[in-house]
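Visitor:
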Amino acid sequence: MGKLLFFDIDGTILSDRTYKIPESAIKAIKLAKDNGHKCFLCTGRSYGMTKEVSDAGISDAVITNGMGVIMDDQPLILHSIPKQVVKKTLDLIDEMNGGYQIIDWQYGYQNPYNYANSEKSFLARFPDVDPQFFFDKKGMKPISEYPGSDILKIDVTLNSEEDAKRFDEALDSSLEMTWAGGYTNNTANAGELVSRGFSKGTGIKELCEHLNVAIEDTVGFGDSTNDLGMLEAVGTAVAMGNAPDSVKEIADYVTDDIDEDGLYNAMKHLGLI
1 MGKLLFFDID GTILSDRTYK IPESAIKAIK LAKDNGHKCF LCTGRSYGMT KEVSDAGISD
61 AVITNGMGVI MDDQPLILHS IPKQVVKKTL DLIDEMNGGY QIIDWQYGYQ NPYNYANSEK
121 SFLARFPDVD PQFFFDKKGM KPISEYPGSD ILKIDVTLNS EEDAKRFDEA LDSSLEMTWA
181 GGYTNNTANA GELVSRGFSK GTGIKELCEH LNVAIEDTVG FGDSTNDLGM LEAVGTAVAM
241 GNAPDSVKEI ADYVTDDIDE DGLYNAMKHL GLI
């Protein structure tokens with residue numbers, strides 16, 4: 001049996017510069033699968049949000065920063081945030097006039113603040129494209145369409161560092177915040193909330209236990225601080241060349257930038273392809 005390979009999305013598979021998956025990355029993933037390796041996305045996104053990178057040819061995923069694992073399009077493992085904790089947290093964000101996106105295993109549901117900002121950001125980049133295309137592609141919906149499903153993760157955007165500090169102080173102790181991390185926003189006042197003790201790394205470990213695979217037979221590829229849990233958990237950790245020093249320092253191997261065939265070059269170096 002081959003190894004389990006785990007790939008972050010933004011900045012690892014999907015270029016932050018071109019908003020595309022490098023052809024060399026698509027080729028590398030296909031070759032790795034042909035060689036008997038099993039490929040997983042490892043992301044802060046919901047499963048529906050991963051469809052944006054379906055061209056990569058990976059359908060299984062550790063989602064919502066380790067709060068869920070999806071195989072064959074169905075949940076294998078799900079850990080939800082208690083509903084009363086979700087309500088308390090959203091009330092706190094509303095008090096601060098902030099933005100949020102609550103994420104179940106399939107989609108993200110945004111309050112008007114986040115939805116409007118997402119639309120504005122998209123139109124600034126692609127003024128001639130209908131924003132609905134963006135929301136459909138990203139697996140994002142308005143909060144009015146939230147069906148009451150279990151929530152695995154909450155993305156938060158606040159208006160100032162002062163608000164962020166107050167939010168931290170009032171946050172329910174069962175939750176853990178990663179500031180300026182990941183997919184929704186990359187400012188100092190934004191971050192991702194999951195249940196305390198969960199990370200991409202815990203999701204990988206749970207999956208390995210389920211599949212009876214030794215952690216030594218896993219490889220992780222990442223580029224940002226919310227990949228640290230994954231890179232610390234796997235047998236071999238690969239940092240992209242576009243990663244910050246804090247990520248590169250814990251990696252077993254630092255490859256080239258995503259737009260310089262970094263993923264392909266790393267997989268070639270490790271003998272996976």
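If you read the sequence shown in UniProt numbering, its first letter stands for residue 1, the second for the next number, and so on.
Built from N, CA and C at the ideal position, the CB exists for glycine as well.
Values in this document were obtained by computation on a predicted structure and should not be read as measured data.
Between the stretch 34-41 and the stretch 163-183, can you find at least three pairs of beta-carbon atoms closer than 8 angstroms?
Guide: Touching, no, given that fewer than three Cβ pairs across the two stretches are closer than 8 angstroms.
Visitor: For M240, count the other beta carbons within 10 Å of its own beta carbon; 16 or more makes it buried, fewer makes it exposed. Which is it?
Guide: Its Cβ being crowded by 16 or more others within 10 Å, M240 is buried.
Visitor: Going by Cα to Cα distance, which pick from Y107, K138 and F133 is closest to I145?
Guide: One detail in the question is off: residue 145 reads as Glu in this sequence, not Ile. Per the Cα distances, Y107.
Visitor: Shortest alpha-carbon distance to M1 belongs to which of E216, K165, L171 and I26?
Guide: For M1, the nearest C-alpha among the options comes from E216.
Visitor: Give the straight-line distance between the Cα atoms of G139 and Y47, rounded to the nearest whole angstrom.
Guide: Each residue's Cα considered, the two are about 8 angstroms apart.
Visitor: Using alpha carbons as the reference points, say which of K83, E52 and P82 lies closest to K137.
Guide: It is E52.
Visitor: Quick check on the DSSP output: the beta strand (DSSP E) that includes F198 runs from which residue to which?
Guide: No beta strand (DSSP E) contains F198, which DSSP labels as neither H nor E.
Visitor: Count the other C-beta atoms from every protein chain shown that fall within 10 angstroms of the C-beta of S224, then say buried if there are 16 or more, exposed otherwise.
Guide: Result: buried.
Visitor: Inspect the beta-carbon positions of L152 and M67 and report whether they are closer than 8 angstroms.
Guide: Contact flag set, yes.
Visitor: State the start and end residues of the unbroken beta strand (DSSP E) segment that holds M49.
Guide: No beta strand (DSSP E) contains M49, which DSSP labels as neither H nor E.
Visitor: Check for me: the beta strand (DSSP E) holding M177 runs from which residue to which?
Guide: Segment L175 to W179, the beta strand (DSSP E) holding M177.
Visitor: What does the alpha-carbon distance come out to for the pair S246 and G229?
Guide: Spanning the two alpha carbons is a distance of roughly 12 angstroms.
Visitor: Going by C-alpha distance, which of T64, E119, Q101 and G191 is nearest residue 319?
Guide: Look at the range of the chain in this structure, 1 to 273, and you will see that residue 319 is not part of it.
Visitor: Check the DSSP bridge columns for E192 and list the partner residues they point to.
Guide: In DSSP, E192 forms a bridge with D155 and T178.
Visitor: Alpha carbon to alpha carbon, how far is S199 from A237?
Guide: About 15 angstroms.
Visitor: Run the CB neighbour count on residue 323, radius 10 Å, all protein chains shown included, and call it buried at 16 or more, exposed below.
Guide: The structure shown does not extend to residue 323, since the chain is modelled only from 1 through 273, so no value can be given for it.
Visitor: For the beta strand (DSSP E) that I103 lies in, which residues bound it at each end?
Guide: Element bounds for I103: G99 to I103.
Visitor: What are the boundary residues of the alpha helix (DSSP H) that A164 is part of?
Guide: E161 to A170 is the span of the alpha helix (DSSP H), which, as asked, contains A164.
Visitor: Go ahead and label S121 buried or exposed: buried means 16 or more other beta carbons lie within 10 angstroms of its beta carbon, across all protein chains shown.
Guide: Under this definition S121 is an exposed residue.
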